[in-house]
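**Student:** Here it is, the structure in full.
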């Protein structure tokens, strides 16, 4: 159908643009659904926090009064997000394929490190006797961080495939492969930025003071 | 429409093996049929359960059914009908089949995810059905699954039934999300040349907005399902308060059952419109085609669908008046509930005005469409009663509510399902459904459902409580109410059996029905203009259709035919005034 390689690339570029636009629309709706879910969790959290048995984990005598580990984890996720943004920008230029690959590997590593960091916080809480069944505040912490982690793990599957493609791209510069990789990286970058923002929101919520919860609850009319 | 230009060159990857074609199919039409057949099978299960309940209510003790089995049947009937039949059929069935054909696409934009959506749905169905066979049986908590009773001893199915129900719902929501992402993205991205948003048939608009509602409202059920599952399995106290059960204190503390109700109904009310909006869209198309007239107030109809969708998120607490709330909140939710009647009434007026001076063909799809308008009106009007706090509180736990929601949420959408199947069956199979059997099926179903649900309003006003297993020895219930219940049961069983006519017609006509040709109803919308009937993989042959007008050009003066297909150019026939896009 196509007579020369330039036309072929042009056609593939158009095809790529169409597919990325479609995938992005799908991703935006997925992020809207995920946002809806976490927003409802937020409302449930605030409402439940107004019952007298609630023991906020951020109180001075509670484990999350020291947020060092959580800040460290947040930094790891931010590194992953920034690395993906670099990858997204660098793949526009074919000469940068090695930089793209390194950024992707860094994003993967930082994400895995974030998940391990979150598990360490879980382990610390459990070791101190803060089980999900002992207080609703603990249960929410496990539930919200767990669900956030699961969403990240889902993205990690796509990120791993994209990283593998990047690795191949560093050795064989193929236009179709570059376009497919570019598409995956764009989607991953958007998704990671979203999950970073979501995590920062959750972080603020889970370590907020009882007074903040009471103020929000009052504002909502609870 | 850059998408369409590029999509024309896509390789179609024709499936070759039997498995790729019919089992692990990524073709939207096959997935739609898989969804529909599974949903109809589930509907039959729920129908049998309702027949068993009716036997117990009308003729107590006539079948071997204790109170446990009654509550289990009631719960499973409700949940299956609302989620696993209606939601799955409207979005998974009609959405999958009609969206790509009506917008002129070759398939959904993410076919693999679409296939996964069906298999996740099937998995959710299997998990749900497994609950009939586990120790303790399925949950009998009522379809609303209110805690604390849903997971506390004494309620049927608290061993495994409730766990399987919640797991099944969570899987269903994942399936619905995967399907939903496909529907909205296909509508927004994959429309063919000339198919602007305001040229789409109202069916697509209805399904599109309903899908957005589903994507935003199902998370509420997901959230409440997960939290209740954790309350049940690992002993968290999200919803479970301090309480005693059978004389001993449970280990729960501080949970809020009302929180569950808010979350459940934040999903539950949009769910009504997740079912109703596709029905509105489908019935608009049926009426226009079979009255041979353009839909009245197309743009108003679109904006009414959008307005109903938005408003459906701010009315949820009208399901909770009896749970108690701040009177100002009650006032707010009563007002929003009554306001939603405005765009809804607008749709009813527009359907009626479409019929006005139309060339009405009383075909089977049209009969069902007309029956829908009447039924929806009746159900909607009783909704206005129940939307008011002071009327709702005394009526809330009576058969008046059962009658209301069965009319508006049960019978009305099912009438559309039947009408739509009679209408689009020729496109799906290439054969017509038998007309005589269809009319018999219609009259028995239509008149039968009125004989069932009209008396229920009456016995509800008499104060007859709903959810009761046995009505013996209640002095306030007159004998006439018992007689009416027996009458309702007889009619319900007859209507249930009459559905066999439909099933017979469905399978018999697939092989022996009269060949339909490509466009038996002489309809103008795109799905009737495919080169093959049933449409082949890829739908449109080598090139995609080009759209020049809306889908409602019927009775255009000076034309040889009384309809102008959407693909006819402006030179062939003037573009109708209702289509403002030219």
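Protein chains in written order, with our numbering: chain X, 1 to 222; chain A, 223 to 804.
Cβ atoms here follow ideal geometry from the backbone N, Cα and C, with glycine treated the same way.
#1: Which residues in chain X have a C-beta closer than 7 Å to the C-beta of residue 456 of chain A? List them in chain order.
#2: Assess, as a yes-or-no matter, whether the region 288-297 of chain A is touched by the region 614-629 of chain A under the definition of 3 or more beta carbon pairs within less than 8 Å.
#3: Any idea if residue 458 of chain A is buried or exposed, counting beta-carbon neighbours within 10 angstroms, 16 or more meaning buried?
#4: By how many angstroms is the C-alpha of residue 691 of chain A removed from the C-alpha of residue 289 of chain A?
#5: Would you please verify whether the beta carbon of residue 53 of chain X is less than 8 Å from any beta carbon of chain A?
#6: Does residue 481 of chain A have its Cβ less than 8 Å from a Cβ in chain X?
#7: Anyone know if the C-beta pair for residue 87 of chain X and residue 103 of chain X falls short of 8 Å?
#8: Can you list, in chain order, the residues of its chain with a C-beta nearer than 8 Å to that of residue 237 of chain A? Leave out the 5 residues immediately preceding and following it.
#9: Tell me, to the nearest whole angstrom, how far the beta carbon of residue 679 of chain A is from that of residue 743 of chain A; I am working on the premise that it is less than 8 Å.
#10: Using 8 Å as the cut-off, can you tell me whether the region 495-506 of chain A makes contact with the region 417-433 of chain A, which would need three or more C-beta pairs spanning the two stretches below that distance?
#11: Quick one: which chain X residues come within Cβ less than 7 Å of residue 403 of chain A?
#12: Expressed to the nearest angstrom, what Euclidean distance is found between the alpha-carbon atoms of residue 80 of chain X and residue 106 of chain X?
#13: Name, please, each residue of chain A whose Cβ falls closer than 7 Å to the Cβ of residue 37 of chain X.
#14: Considering Cα atoms alone, identify which of A:552, A:453, A:775, A:582 is closest to residue 512 of chain A.
#15: Check the Cβ of residue 160 of chain X against every Cβ in chain A and list those closer than 7 Å, keeping chain order.
#16: In the DSSP output, which residue or residues are listed as bridge partners for residue 353 of chain A?
#17: Along the chain, where does the alpha helix (DSSP H) containing residue 624 of chain A start, and where does it finish?
#18: For residue 239 of chain A, which of helix, strand or coil comes out of DSSP?
#19: By the DSSP assignment, the alpha helix (DSSP H) with residue 414 of chain A in it spans what residues?
#20: With a threshold of 16 other CB atoms inside 10 Å of the CB of residue 795 of chain A, please say whether the residue is buried or exposed.
#21: Taking 8 Å as the limit between beta carbons, can you name the residues of its chain near residue 416 of chain A, skipping five residues before and five after?
#22: Quick test of your reading: residue 510 of chain A and residue 374 of chain A, contact by CB under 8 Å. State the CB separation rounded to the nearest angstrom.
#23: At a Cβ threshold of 8 Å, is residue 141 of chain X touching chain A?
#24: Can you confirm whether the region 648-659 of chain A touches the region 726-737 of chain A when touching is taken to mean that 3 or more C-beta pairs between the two stretches lie within less than 8 Å?
#25: Would you call residue 453 of chain A buried or exposed, if buried means 16 or more other Cβ atoms sit within 10 Å of its Cβ?
#26: So which residues of chain A does residue 197 of chain X contact, with C-beta pairs closer than 9 Å?
#27: What residues of chain A sit near residue 167 of chain X, judged by a beta carbon separation below 7 Å?
#28: For residue 301 of chain A, I'd like the list of residues in its chain whose CB is within less than 6 Å of its CB, leaving aside the five on either flank, ordered along the chain.
#29: Residues of the region 396-422 of chain A in Cβ contact with chain X at a cutoff of 8 Å, in chain order, please.
#30: CB residue 204 of chain X to CB residue 184 of chain X, shorter than 8 Å?
#31: Look at the Cβ atom of residue 774 of chain A, then the Cβ atom of residue 792 of chain A, and state whether they are nearer than 8 Å.
#32: Cβ of residue 7 of chain X less than 8 Å from any chain A Cβ?
#33: Helix, strand or coil: how does DSSP classify residue 343 of chain A here?
#34: Are the C-beta of residue 721 of chain A and some C-beta of chain X separated by less than 8 Å?
#35: What are the start and end residues of the alpha helix (DSSP H) that includes residue 203 of chain X?
#36: Per the DSSP calculation, residue 467 of chain A is bridged to which residue(s)?
**Tutor:** With the structure as the only source:
#1: On the second chain, position 234 is the one that residue 456 of chain A refers to. Within chain X, the residues placing a beta-carbon under 7 Å from that of residue 456 of chain A are 132, 133, ordered along the chain.
#2: no
#3: Reading the second chain from its first residue, position 236 is the one you call residue 458 of chain A. The residue in question, residue 458 of chain A, is buried, as its Cβ has 16 or more Cβ neighbours within 10 Å.
#4: Walking along the second chain from the start, residue 289 of chain A turns up at place 67. Walking along the second chain from the start, residue 691 of chain A turns up at place 469. Roughly 6 Å separates the two Cα atoms.
#5: For the purposes of this step, residue 53 of chain X is identified with residue 53 of the first chain, where counting begins at 1. Yes, because at least one Cβ of chain A sits closer than 8 Å to the Cβ of residue 53 of chain X.
#6: Position 259 of the second chain holds residue 481 of chain A. Closer than 8 Å to some Cβ of chain X, the Cβ of residue 481 of chain A qualifies, so yes.
#7: Here residue 87 of chain X is taken as the residue at index 87 of the first chain, counted from 1. Here residue 103 of chain X is taken as the residue at index 103 of the first chain, counted from 1. Taking 8 Å as the Cβ cut-off, residue 87 of chain X and residue 103 of chain X qualify as a contacting pair.
#8: Walking along the second chain from the start, residue 237 of chain A turns up at place 15. Cβ within range, chain order: 243, 247, 248, 249, 759.
#9: Within the second chain, residue 679 of chain A is the residue found at index 457, counting from 1. Within the second chain, residue 743 of chain A is the residue found at index 521, counting from 1. No, residue 679 of chain A and residue 743 of chain A are not in contact; Cβ-Cβ is about 36 Å, not under 8 Å.
#10: yes
#11: Here residue 403 of chain A is taken as the residue at index 181 of the second chain, counted from 1. Those are 26, 29, 30, listed as they occur along chain X.
#12: The count along the first chain starts at 1 and reaches residue 80 of chain X at position 80. The count along the first chain starts at 1 and reaches residue 106 of chain X at position 106. Cα to Cα, the separation comes out at about 7 Å.
#13: Taking the first residue of the first chain as position 1, residue 37 of chain X is located at position 37. Residues of chain A passing the Cβ test: 441, 444, 445.
#14: Position 290 of the second chain, counted from the start, is the residue given in the question as residue 512 of chain A. It is A:582.
#15: Your numbering for residue 160 of chain X matches position 160 in the first chain. Within 7 Å Cβ-Cβ: nothing; residue 160 of chain X doesn't reach chain A, min ~18 Å.
#16: For the purposes of this step, residue 353 of chain A is taken as the residue at position 131 of the second chain. DSSP lists no partner for residue 353 of chain A.
#17: By one-based count along the second chain, residue 624 of chain A stands at place 402. Residue range 621-627 is occupied by the alpha helix (DSSP H) that includes residue 624 of chain A.
#18: Indexing the second chain from 1 puts residue 239 of chain A at position 17. Looking at residue 239 of chain A - three-state DSSP - the assignment turns out to be coil, as it is neither helix nor strand.
#19: Residue 414 of chain A sits at position 192 when you count from the first residue of the second chain. Note, residue 414 of chain A: premise wrong, no alpha helix (DSSP H); not H, not E.
#20: Here residue 795 of chain A is taken as the residue at index 573 of the second chain, counted from 1. Result: buried.
#21: Along the second chain, one-based indexing puts residue 416 of chain A at 194. Here the set comprises 223, 768, 769, 770.
#22: Taking the second chain and counting its residues from 1, the one referred to as residue 510 of chain A is at position 288. Taking the second chain and counting its residues from 1, the one referred to as residue 374 of chain A is at position 152. No, residue 510 of chain A and residue 374 of chain A are not in contact; Cβ-Cβ is about 52 Å, not under 8 Å.
#23: Taking the first chain and counting its residues from 1, one reaches residue 141 of chain X at position 141. Cβ-Cβ to chain A under 8 Å: no for residue 141 of chain X.
#24: yes
#25: Here residue 453 of chain A corresponds to residue number 231 of the second chain, with the count starting at 1. It is buried - the Cβ of residue 453 of chain A has at least 16 other Cβ atoms within 10 Å.
#26: Position 197 of the first chain, counting from 1, holds the residue named residue 197 of chain X. Close to residue 197 of chain X, with beta-carbon spacing below 9 Å, lies no residue of chain A; the smallest spacing is near 17 Å.
#27: Residue 167 of chain X sits at position 167 when you count from the first residue of the first chain. Taking a Cβ-Cβ cut-off of 7 Å, residue 167 of chain X has no neighbours in chain A, whose nearest Cβ is about 24 Å from it.
#28: The count along the second chain starts at 1 and reaches residue 301 of chain A at position 79. Result list for residue 301 of chain A: 365, in chain order.
#29: Listed in sequence order: 399, 402, 403, 404, 406, 407, 410, 411, 412.
#30: Here residue 204 of chain X corresponds to residue number 204 of the first chain, with the count starting at 1. Here residue 184 of chain X corresponds to residue number 184 of the first chain, with the count starting at 1. Not closer than 8 Å, so no.
#31: For the purposes of this step, residue 774 of chain A is identified with residue 552 of the second chain, where counting begins at 1. For the purposes of this step, residue 792 of chain A is identified with residue 570 of the second chain, where counting begins at 1. It is not a contact, given that the beta carbons lie outside the stated cut-off.
#32: Residue 7 of chain X sits at position 7 when you count from the first residue of the first chain. At residue 7 of chain X the pLDDT is 47, less than 50, meaning the model places this residue with poor confidence; the figure from the coordinates comes in the next sentence. Answer no: the Cβ-Cβ gap between residue 7 of chain X and chain A never drops below 8 Å.
#33: Working through the second chain from its first residue, we reach residue 343 of chain A at position 121. In the structure shown, residue 343 of chain A sits in a helix (DSSP, three-state: H, G or I).
#34: Looking up residue 721 of chain A in the second chain gives position 499. So, not an interface residue.
#35: Within the first chain, residue 203 of chain X is the residue found at index 203, counting from 1. Unbroken alpha helix (DSSP H) run through residue 203 of chain X: 175-206.
#36: Here the question's residue 467 of chain A lines up with position 245 in the second chain. For residue 467 of chain A, which the question treats as bridged, DSSP gives the partners A:470.
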